[in-house]
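Heads up, the thing below is written out as structure tokens.
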Amino acid sequence: MSSFIFISLAMFTLWVFVLLLSEETRKEQLVMSVIGLVLSPAILLMAANNERNWAGLMSLGYEDFLFSFAMFGIAAVIYQAATGRQAKPIKRRRRKLKNRALHWLAHLLIISGLWLLMSLLANLIFALNPFQAFMVGGLLIGLYIVADRRDLMINAVFSGLFIAILIFALEKVFLLKLFPEATQGFMNLGQAAGPTLAGVPLAEIFWAAIVGFTVGPLYEYVRYLRLK
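Mapping of the sequence shown onto my numbering: residues 1 to 228, in sequence order.
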């Protein structure tokens, strides 16, 4: 059994805790988790294709989908769940579809698709590796969201920091402390390029931060909600 399953289970346990703790954000958490599940193949392959040589790159297991499902859901609601703020609708000035659910779901899918498209363009045009391209695409989407809705800046920053710290802690505990030998079996740590923080590559921490930064305010952005 891969040691990564323990990270996924720990992430899912936190996801369940947040779901039970914050009743108001349950719908948002479930919706964004499903978005993460849909995008998980592209997200995880890009995350895996970094300086570390992850074995079985092209074969994703259920633990990978569980990880992406839980991470997106947590990132989307952690700020509101932690602060207890309530989401209130704001005036819509943009054209919208008659069906509200279809309107914001379409926006979610479009923005998620743009994230992947920007990542692909960065990979093809600037010759960035998929991991770097994914971070660039996500950062551009996140910056656009907070530039258009400055009230979502704190949400984005808080979510980014939380997910970065969470991923760092999980990798440190499960991959480097509890299962160091198993970790050596599927990651070539000796040839890892780039700086690390306590053994965890900074690139992976930045990747987690960008995911949190972009996903955190995404639901409020497409639903035209303001946290008060």
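Every residue gets a Cβ at the ideal spot worked out from N, C-alpha and C, and that includes glycine.
Which of helix, strand or coil DSSP assigns to residue i
i, result
"LEU128", "coil"
"ALA87", "strand"
"THR196", "strand"
"THR25", "coil"
"SER8", "helix"
"SER40", "helix"
"SER112", "helix"
"SER3", "coil"
Residue span of the alpha helix (DSSP H) that contains residue i, given as start and end
i, result
"ALA70", "62-83"
"VAL173", "VAL173 -> no alpha helix (DSSP H), and no H or E assigned at all."
"GLU204", "202-215"
Euclidean distance between Cα positions of residue i and residue j
i, j, result
"PHE126", "ALA133", "9 Å"
"ILE111", "VAL215", "10 Å"
"ILE35", "PHE69", "8 Å"
"LEU143", "LEU128", "20 Å"
"TYR224", "VAL31", "16 Å"
"THR13", "LEU139", "27 Å"
"LYS91", "LYS27", "21 Å"
"LEU66", "GLY199", "24 Å"
"GLY84", "SER159", "14 Å"
"MET153", "SER40", "25 Å"
"LEU114", "GLU23", "30 Å"
"LEU116", "GLY137", "7 Å"
Bounding residues of the beta strand (DSSP E) (the contiguous stretch that carries residue i)
i, result
"ARG149", "From DSSP, ARG149 is part of no beta strand (DSSP E); its letter is neither H nor E."
"ILE227", "At residue 227 the sequence reads Leu, which differs from the Ile that was named. Unbroken beta strand (DSSP E) run through LEU227: 225-227."
Supposed close pair residue i, residue j - CB separation, criterion 8 Å
i, j, result
"ALA87", "GLN29", "The Cβ separation is near 12 Å, so there is no contact."
"PHE131", "TRP207", "7 Å"
"VAL18", "HIS107", "No, VAL18 and HIS107 are not in contact; Cβ-Cβ is about 24 Å, not under 8 Å."
Other residues of its chain near residue i: CB distance less than 8 Å, five sequence neighbours each side excluded
i, result
"ASP151", "ARG226, LEU227"
"ASN155", "TYR79, GLN80, GLY216, PRO217, GLU220, LEU227"
"LYS172", "ALA198, GLY199, VAL200"
Beta-carbon contacts of residue i that lie in its chain and below 7 Å, excluding the five residues immediately before and after
i, result
"MET135", "PHE206, TRP207, ILE210"
Neighbourhood of residue i by C-beta, 6 Å cutoff - its chain only, sequence neighbours within 5 removed
i, result
"ILE7", "LEU170, PHE174"
"GLY73", "TRP15, GLN29, MET32, SER33"
"VAL146", "LEU152, MET153, ALA156"
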